[in-house]
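Okay, so here's the structure we're looking at.
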Amino acid sequence: MERNSQRIAASGISRRALLLGGAGALAGAALAGASLPARAAVRVADLRGTIDAAEFGIRPGAADDQSSLMQQAIDAAAQRGRALFLPGGRYTVANLRLPSGTKLVGLPGQTRFDYQGGGHLIYCEKARSVGIEGIHFDGGNRFIGEYAPALLHFADAQDVAIEGCTVTGSTKTGLALDRCSGRVANSTISGARLAGLRSVEASGLAITGNHVHDCANGGILVHRWREGDDGTIVSDNRVERIFAREGGTGQNGNGINIFRAHNVIVRGNRVADCAFSAIRSNGGSGIIIEGNSCLRSGETAIYSEFAFQGAVIADNLVDGGAIGISIANFLDGGRLATCSGNVVRNIVDTGPYPAEVQGFGIGIAVEADTALTGNVVENAARIGLHMGWGPYLRDVAATSNVLRDCPIGVAVTVVEGAGPALIASNMITGASRGAVVGHRWKEATTGDLTQDDAASRFPHLAVSGNFVR
43 MERNSQRIAA SGISRRALLL GGAGALAGAA LAGASLPARA AVRVADLRGT IDAAEFGIRP
103 GAADDQSSLM QQAIDAAAQR GRALFLPGGR YTVANLRLPS GTKLVGLPGQ TRFDYQGGGH
163 LIYCEKARSV GIEGIHFDGG NRFIGEYAPA LLHFADAQDV AIEGCTVTGS TKTGLALDRC
223 SGRVANSTIS GARLAGLRSV EASGLAITGN HVHDCANGGI LVHRWREGDD GTIVSDNRVE
283 RIFAREGGTG QNGNGINIFR AHNVIVRGNR VADCAFSAIR SNGGSGIIIE GNSCLRSGET
343 AIYSEFAFQG AVIADNLVDG GAIGISIANF LDGGRLATCS GNVVRNIVDT GPYPAEVQGF
403 GIGIAVEADT ALTGNVVENA ARIGLHMGWG PYLRDVAATS NVLRDCPIGV AVTVVEGAGP
463 ALIASNMITG ASRGAVVGHR WKEATTGDLT QDDAASRFPH LAVSGNFVR
């Protein structure tokens with residue numbers, strides 16, 4: 043056994059390739075001209091687990107269309123319960139369908155499917171246990187059929203595993219998953235005309251360790267047609283340079299976008315240079331947004347908005363944006379959140395469209411049933427903490443926050459009908475226009491409410507114990 047392990051190591055094949063690619067990976071190396079001792083080659087032939095695509099006449103680098111041969115190989119391998127190994131090289135294909143049990147294994151950085159146009163590249167429907175690893179899918183910016191939402195489309199597929207793949211050059215979305223479970227991991231998606239990766243109505247999906255970049259309208263989208271439990275985990279991804287080529291005021295241009303999907307976790311991602319939000323949750327109840335790095339956002343860096351109930355926004359770093367964190371839309375039922383331990387800095391007062399409502403330049407904005415504690419806001423162009431909008435304020439506590447170099451430390455609504463707010467034990471320094479200032483809608487209408495008994499004029503406010511200098 044030890045001598046066999048040494049022979050395998052000598053051939054340059056990793057333990058991971060052996061486990062995932064099995065005999066096919068080793069056979070592929072031999073076909074490529076790898077030098078193996080005769081006795082080792084016999085051992086390779088005895089191993090089971092994969093089928094080499096060459097058995098079906100598929101030739102890497104061939105100029106002709108290999109779709110028909112590739113489909114035969116995919117179907118045969120799935121029927122025999124084997125993985126299909128694809129040696130390094132280019133394969134010109136289109137309109138492939140993946141049945142249940144499909145396992146495609148390539149050599150990362152070497153095995154490449156070039157889409158020749160005419161509909162879609164990969165489609166998988168109502169299948170189970172489908173896996174793809176180590177293949178580069180290049181759309182070549184060619185036309186995708188009206189029926190297909192993406193270059194790679196999975197629908198009603200369970201236990202999907204896409205790992206170590208690359209998807210480029212899609213004229214629509216790169217990868218679309220509809221009502222799927224499984225994982226997309228350690229893959230790269232770039233150059234999509236719409237979004238990089240889009241999931242609709244998932245049922246236990248993990249999106250982790252991917253690099254999504256330079257997409258025209260969205261990065262990672264987790265959506266539902268109707269509100270409901272989704273449970274997708276979006277973790278440890280790198281999302282960069284997401285544009286909003288189709289315009290709008292937040293529909294496009296988001297790095298990670300949650301829409302109507304409940305109980306989603308967005309954790310540990312690095313999101314940079316998005317036209318609108320780094321992380322935007324619209325109608326996503328039970329959302330957890332934790333430990334993310336959000337850099338140079340064009341609008342609101344982290345957003346929990348519209349009809350959500352329950353949001354945890356904790357321990358994120360926000361550097362750059364027109365609003366740092368917004369927990370909004372009490373008018374539409376948006377309520378119930380904690381916002382703690384975040385660092386928000388360098389917030390500017392200009393955004394991607396003319397300022398509306400309370401405007402830009404705000405560190406953290408909240409409206410209803412929210413605890414704000416232990417946050418640090420530095421260098422917001424207008425306001426550190428913004429509490430309420432007109433009468434839309436209820437049960438908000440801002441305690442133990444540090445607000446530095448914001449012209450107004452805390453802006454709180456004093457419009458009739460506004461609900462209770464507690465502003466206590468915060469450290470506010472460098473607030474040149476007031477530490478705590480009452481607002482009627484957008485206009486500042488009071489002096490500093492931390493001075494003397496100024497806050498007593500507003501029975502819905504409790505302002506005490508703040509350190510101001």
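To convert, note that position 166 of the sequence shown is 208 in my numbering; the numbers rise steadily by one, no gaps. Cβ atoms here follow ideal geometry from the backbone N, Cα and C, with glycine treated the same way.
Quick one, which of 353, 274 and 449 has its alpha-carbon nearest residue 410's?
Nearest C-alpha to residue 410: 353.
Which runs of the beta strand (DSSP E) at least 3 residues long sit entirely within the segment 233-295? Give them in chain order.
237-242, 247-250, 253-257, 260-271, 275-277 and 280-284
Less than 7 Å between the CB of residue 215 and some heavy atom of the ligand ATP, yes or no?
Ligands are entirely absent from the displayed structure, and the ligand ATP is therefore not among its contents.
Do residue 492 and residue 456 have their CB atoms nearer than 8 Å?
no
Considering only the beta carbon of each residue, do residue 382 and residue 345 sit closer than 8 Å?
Cβ atoms of residue 382 and residue 345: not closer than 8 Å.
In terms of residue numbering, what span does the alpha helix (DSSP H) encompassing residue 116 cover?
109-121
Shortest alpha-carbon distance to residue 235 belongs to which of 246, 241, 226 and 211?
211
Determine the burial state of residue 67: buried for a count of at least 16 other Cβ atoms within 10 Å of its Cβ, exposed for fewer.
With a pLDDT of 36 at residue 67, under the threshold of 50, the predicted position of this residue should be treated as unreliable, though the coordinate-derived value follows. Buried, since its Cβ has 16 or more Cβ neighbours within 10 Å.
For residue 133, collect the residues of the same chain with a Cβ closer than 6 Å to its Cβ; drop the 5 residues on either side in sequence, then sort them by chain order.
108 and 155
The beta strand (DSSP E) spanning residue 101 covers which residue range?
First-last for residue 101: undefined, no H or E at that position.
Identify whether residue 499 lies in helix, strand or coil by the three-state DSSP scheme.
helix
Tell me which same chain residues have a C-beta within less than 6 Å of the C-beta of residue 312, skipping the five on either side of it?
So the list reads 280 and 335, once near-sequence residues are dropped.
Please determine if the segment 137-149 and the segment 174-192 are in contact, where contact requires at least 3 C-beta pairs separated by less than 8 Å.
As far as the Cβ criterion goes, the segment 137-149 touches the segment 174-192, which means the pair count is three or higher.
Going by DSSP, what residue range makes up the beta strand (DSSP E) through residue 391?
Per DSSP, residue 391 belongs to no beta strand (DSSP E) and is neither H nor E.
Closest to residue 101 by CA distance: which of 121, 128 and 467 is it?
128
Determine whether the beta carbon atoms of residue 144 and residue 116 lie at a separation below 8 Å.
yes
Here's a check: name, in chain order, each residue in its chain whose Cβ is nearer than 6 Å to the Cβ of residue 416, leaving out the five neighbours to either side.
382, 383 and 442
Name the residue from 425, 365 and 201 whose alpha carbon lies nearest to the alpha carbon of residue 392.
365
For residue 159 and residue 482, I'd like the C-alpha separation in whole angstroms.
Distance between the alpha carbons of residue 159 and residue 482 is about 58 Å.
Just tell me which of 140, 275, 414 and 324 has its CA closest to the CA of residue 244.
275
Using the beta-carbon count (16 or more within 10 Å), is residue 396 buried or exposed?
exposed
Nearest by alpha-carbon distance to residue 113: which of 106, 104, 105 and 137 is it?
137
Mark residue 189 as exposed unless 16 or more other C-beta atoms lie within 10 angstroms of its C-beta, in which case mark it buried.
Around the beta carbon of residue 189, a 10 Å sphere encloses fewer than 16 other beta carbons of the protein chains shown; the residue is thus reported as exposed.
Residues in its own chain within less than 6 Å of residue 200 by CB, not counting five upstream and five downstream?
Here the set comprises 170 and 223.
If you run the structure through DSSP and keep just helix, strand and coil, what is residue 372?
Of the three classes helix, strand and coil, the one that applies to residue 372 here is helix, per DSSP.
Quick one: what's residue 207 bridged to in DSSP?
Note: residue 207 sits in no beta bridge, so no partner.
With a floor of 3 residues, list each beta strand (DSSP E) that falls wholly inside the segment 457-506, ordered by position along the chain.
Here the runs fully enclosed are 463-466, 469-471, 478-482, 485-490 and 503-506.
Pick helix, strand or coil for residue 48, following the three-state DSSP scheme.
Note that residue 48 scores a pLDDT of 39, beneath 50, so its modelled location is shaky; the value from the coordinates is reported in the next line. Of the three classes helix, strand and coil, the one that applies to residue 48 here is helix, per DSSP.
From 503, 448 and 314, pick the residue whose C-alpha is nearest to that of residue 464; which is it?
503
The beta strand (DSSP E) spanning residue 314 covers which residue range?
312-316
Per DSSP, what kind of secondary structure is residue 509 in: helix, strand or coil?
strand
Which word fits residue 507, buried or exposed, when buried means at least 16 other C-beta atoms lie within 10 angstroms of its C-beta?
exposed
What does a CB cutoff of less than 6 Å around residue 372 pick up in its chain, not counting 5 residues either side in sequence?
409, 410 and 434
Near residue 452, which residues of its chain fall below 6 Å by C-beta distance, leaving aside the five closest residues on each side in sequence?
427, 465 and 478
Per DSSP, which one or two residues make a beta bridge with residue 156?
134 and 180
Can you give me the C-alpha to C-alpha distance between residue 119 and residue 94, rounded to a whole angstrom?
9 Å
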